[in-house]
Structures are given as C-alpha cells and as structure tokens.
Amino acid sequence: MNGIRNVALIGLGLVISMVISHFGIELAALIFLPLFFLWFTLWDDKKARQAARRYHQSENYRQQTN
C-alpha cells in the first residue's frame, strides 16, 4: 500500500511540474489550489467524523459498564 502511495505521489508531482512548466505558476495555482482546498476540507471532515464516532463509542461503553 505504501509503495502505491509513493508511486502516486511521484506521479502527482510530475503532473504538477508539467502543468507549471507548460502554463505558468499563476494558472497552475488557479487549477490546483481549489482542488487542494477541497481535498483538505473533505479530509478534515472525515477526521472530525471519526473523532466524534470514537467519542460516542467510548461514551456508550462507559454507560454500559456502569
């Protein structure tokens, strides 16, 4: 799994560098910044849902043991 991630990261880096070299930094930023913010927002939302789920599971466990 880590090998696949590393290859994907290298490929993504190559694609980004090709876009920057072909279109320039301004247009590349215009393309990639919204995608990055969307990805970061979705990732943060996923982490928040996981934390809430863990909290509720531990709360239910404490109620069942008392």
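Under numbering that gives the first Met the number 0, think of the first position of the sequence shown as 0, with each following residue one higher. Ideal Cβ positions, reconstructed from N, Cα and C, are used throughout, including at glycine. Just so you know, these numbers come straight off a predicted model, no measurement behind them.
When you compare only the Cα positions, how much space is there between residue i and residue j?
| i | j | result |
| --- | --- | --- |
| PHE22 | ILE15 | 10 Å |
| VAL6 | GLN56 | 36 Å |
| LYS46 | THR40 | 10 Å |
| SER20 | LEU13 | 10 Å |
| GLN49 | ILE3 | 24 Å |
| ILE24 | MET0 | 32 Å |
Can you find the residues in the same chain that come closer than 7 Å, C-beta to C-beta, to residue i, ignoring five residues on each side of it along the sequence?
| i | result |
| --- | --- |
| ILE30 | VAL18 |
| TRP38 | none |
So the alpha helix (DSSP H) residue i belongs to, where does it begin and stop?
| i | result |
| --- | --- |
| MET17 | 1–22 |
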